[in-house]
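Let me begin by presenting the structure, written as structure tokens, before commenting on it.
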Amino acid sequence: MPPISQEELNRRKRERLIIVILVAVVAILTYIETQVVRFGAGLPVSNTIITFILININMLLLLLLIFLVLRNIVKLLYDRKRKVLGARLRTKLVLAFAGLSLVPTVLLFFFSVQFINSSVSFWFNLPVEQTLEQSLDVGKQLYMHIEKNNRFFLERIAYQIVHKNLLEKRNSKALRHYAQVVQRAFNLQAVEVYSNRSNRLAVGLDADLEGTPFEPVSADDIQMEIHKNDFSTLTGFIASGEMVRTLGCIPANAGPDKAIAVVAATTVIPHTLSQEMAAISRGFEQYQQMKMVKKPIQGSHLVTLSIVALLIIFCATWFGFYLAKTLTIPIQEVAEGTRRVAEGDLNFTIDTVADDEMGTLVNAFNKMTRDLRFGKEQLQLSTRELKKTNIEIEQRRIYMETVLRNMSTGVISLNSRGFFTTINKSAEKMLGVEAKQLLNHSYKKVLSPEYLEVAEDLLEDLTKSAGNSAERTVKVSIDQTARSFMAHITGLKDEAERIMGTVVVFDDLTEIEKAQRMAAWREVARRIAHEVKNPLTPIKLSAQRLQRKYSEKIQGDNGIFSECTQTIIDQVDQIRNLVNEFSSFARLPAINLEPCHLPEVVREAVALFREAHPHVLFDIKKGSAIPEVNIDRQQIKRALFNLIDNAIAAMNGKGTITVVLNYDPVEKFLRMEVNDTGSGISPEDKARLFEPYFSTKKSGMGLGLSIVNAVIEDHDGTIQVEDNTPVGTRFVVELPV
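Positions in the sequence shown are counted from 1; adding 54 to them yields our numbering.
This is the structure in structure tokens:
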């Protein structure tokens, strides 16, 4: 007996599901076909198309069902030939069910065909068609009679209007009266008179139409009537029924484009009569179209009947297959299970589907497999413990990676061949690189020349330390900004003291060094201010005293004495200004925060420069909804003075300075930009721009931007310098709200 695989069982389940779905779909589509044919008279063309589509779909599905049945019959014959267990029983059951359903189905099909043919012949007979045609002619005669009467009345109305000169302006009232009189006299629902410019001059309405919307004739229809000089009839619907409106020219015998007016006579057909005539017209059209598809409809019913008959035969045959399988499949599953257990598959079980002897056999087989499986599980216990240990190791590895990923210190590791194996997020951020571009690549191939030189120096230091560890301060340029790092390199060794790789740990010292330099310069400035400021006052006073006392007594030196003393006084003043700058830098006052509107502060600062620099164009741009911010008004204004003064100097007193203000509601900070159109700043100078005593101007002392940076930092803000587009420099200040 051939074994039945699980795949074969799953295939049979899918096949049964497909059969059930196909039978349901065919039955539903067959029902829809009968309903479309019965109630689809309102849409005969679409009815025919839908019917044909449904018939074709049904035929395709029916062919699929026939294929599945034939496939099972062929398989049954093949199993019988191979003497598969249960094949003979399945054959007998299938033949019995098919034979029981075939005879009554064939008899029912024969009598139903006769009934369908006689019914279709009764639907499409000659008396019905003649009755519909005569009814349609009655409606046409009614419209022709109304149009004829309207023309008759129009000829007389036009004659009287011309004869009585009612179109003259002095007779406008008489014209309106005449329209009402003839409307009642001729029993019309409306009489209208229009000028050759399409203006309605008079109208007489039936009492039933008063108070209801009655639209005038359109200007295009009036002009067309004047152009052709012949009667024309318009139809439409109003509240009381279908309107038949006939137009005629005044005078009636005027040539084309020579009419001086147009008169319209309207007769209204009641709603009931109009709807009945429309229904007769639609019925006749539908009958004509249905007559064209007489044969397809008859064929549709025959196909539907054939489908039902085939479905009955198919269902009976398939039920025979299903009943046979329920008897033979359990035996085949036990045989398959025995083979699987012999091959070592102890997890195989058979579902119990009955409480009879077959169920007892299945339960005994399942108990045997459970006992065998228990012994095997004891053997697998040690394997699971080993897997658990491996999982713990993997979890520790993931934990270490998480720690590295969240460390503020940069960490990079290389294997013994110099290939990158680990780069954490902090290292990516500090060095401005992406890990995916470096991992699994040699540092010699992917690093830039500047980074490569640093890496070689670190590895050289590690070699000199006998492979233990080394550290050094490293300075590199990242995004045109000088950065300083403290790098610590350590060699990874195995138990045999062989180098397995290298780990580099580094911290960013840029801000720390910057803060140290700032503190050192402030201390220098404080001492210079203290030591130099004291003797300046007596020196200046002494020079002034000498100038007052001896300038008149010393004659004949051509003013050399006065010039020398004045030089001493001027230089003392310059030294005093320098000392004051030192003092301001060394001891900035504590900030006094208060709510301020930053645009007002900007306007006040810019206003002081506008009059002093007429050749500089100042522009202030601000976004919407800029909130108040807690700042020290005087300190921020002082910082703005420095930025704007530097911008004017960079442009040599000519150009444009733009101050841009924006608010970021997500990050909650105010962004202020000071843009100029000067010569710009080189990348080398940008790195040191905010350091004390660094200046790009010959006369500058290098304290202005240092003070600006200190003010912004005291406000917990940031300041950056960028290139302006297309030329110049942009200072970007961000203050938290």
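Beta carbons: idealized from backbone N, C-alpha and C, even for Gly.
Three Cβ pairs or more, each shorter than 8 Å: is that satisfied between the region 235 to 245 and the region 307 to 322? yes
Looking only at its own chain, which residues have a Cβ that is under 6 Å from the Cβ of I645, when we skip the five neighbours before and after it? Answer for I645: D686, Q689 and D768, listed in chain order.
Alpha carbon to alpha carbon, how far is K194 from N250? Give it in angstroms, no decimals. 32 Å
Proximity winner among A481, N460, T463 and Y497, relative to F474 (alpha-carbon distances): Among A481, N460, T463 and Y497, the Cα nearest to that of F474 belongs to Y497.
Neighbour-count burial assignment, Q386, 16 or more Cβ in a 10 Å radius: buried
So L485 packs on I532, CB below 8 Å; how close in whole Å? Their Cβ separation, rounded to whole angstroms, is 7 Å, which keeps L485 and I532 in contact under 8 Å.
Using CA coordinates, which residue listed in D262, M422, K430 and R725 is at the minimum distance from A293? D262
Would you mind stating whether F402 and G391 have Cβ atoms separated by less than 9 Å? yes
How big is the Cα-Cα spacing for P592 and V626? Roughly 10 Å separates the two Cα atoms.
Tell whether a beta-carbon distance below 9 Å holds between D275 and L255. no
Could you say if the region 702 to 717 and the region 725 to 736 meet the contact criterion of at least three C-beta pairs nearer than 8 Å? Yes, the region 702 to 717 is in contact with the region 725 to 736.
Measuring alpha carbon to alpha carbon, tell me which residue in A509, S480, S519 and T517 is nearest T527. A509
Based on Cα-Cα distance, which residue from L377, Y232 and D777 lies nearest to L143? L377
Beta carbon of A481, beta carbon of F560: below 9 Å? yes
Whether L356 touches I170 by CB criterion (9 Å): yes
Determine the DSSP secondary structure at L220, reduced to helix, strand or coil. coil
If we count Cβ pairs, one from each stretch, closer than 8 Å, do we get three or more for the region 668 to 683 versus the region 711 to 721? Yes: the two stretches touch, three or more of their Cβ pairs being nearer than 8 Å.
Residue range of the unbroken alpha helix (DSSP H) whose run includes P737: Membership of P737 in the alpha helix (DSSP H) is indicated by the continuous run P737 to K740.
So is T358 buried or exposed if we call it buried at 16+ other beta carbons inside 10 Å? buried
Using a Cβ-Cβ cutoff of less than 7 Å, which residues in the same chain neighbour A701 once the five nearest sequence positions on both sides are dropped? The residues are I711, V728, D730 and G732.
Are the beta-carbon atoms belonging to L590 and R630 less than 9 Å from one another? L590 is a Cβ neighbour of R630, given a cutoff of 9 Å.
Is DSSP giving H542 helix, strand or coil here? strand
Drop a sphere of 10 angstroms on the beta-carbon of S760, count the other beta-carbons inside from all chains shown, and report buried for 16 or more, exposed for fewer. buried
Identify which residue in P780, T437 and Y213 has its Cα closest to the Cα of V317. The shortest Cα separation from V317 among P780, T437 and Y213 belongs to Y213.
Between V99 and Q234, what straight-line distance do the alpha-carbon atoms span, to the nearest angstrom? Its pLDDT being 46, under 50, V99 is placed unreliably in this model, and the value from its coordinates should be taken loosely. Whole-angstrom Cα-Cα distance: 48 Å.
Give the straight-line distance between the Cα atoms of V787 and L715, rounded to the nearest whole angstrom. 10 Å
Decide if the region 417 to 437 is in contact with the region 446 to 456; the criterion is three or more beta carbon pairs, one per stretch, under 8 Å apart. no
Could you tell me which of L156, R692, M705 and V557 sits nearest to F368, measuring between CA atoms? L156
Quick check on the burial criterion: 16 or more other C-beta atoms within 10 angstroms. Buried or exposed for L743? buried
Within 10 angstroms of its Cβ, does N478 collect 16 or more other Cβ (buried), or is it exposed? buried
Cβ-based neighbour list, L697, same chain, cut-off 7 Å, excluding 5 preceding and 5 following: V728, V762 and F785
Measuring CA to CA, which of L512, R602, L501 and V148 is closest to W372? Cα-wise, what sits closest to W372 is V148.
Applying the 10 Å Cβ sphere with the 16-neighbour rule, what's the burial state of N684? exposed
If you drop the 5 nearest sequence neighbours on each side, which residues of the same chain put their C-beta closer than 6 Å to that of A597? Excluding sequence neighbours, A597 sits near T619, I622 and I623.
Range covered by the alpha helix (DSSP H) that runs through F672: Counting along the chain, F672 falls outside any alpha helix (DSSP H), though it belongs to the beta strand (DSSP E) covering V670 to K676.
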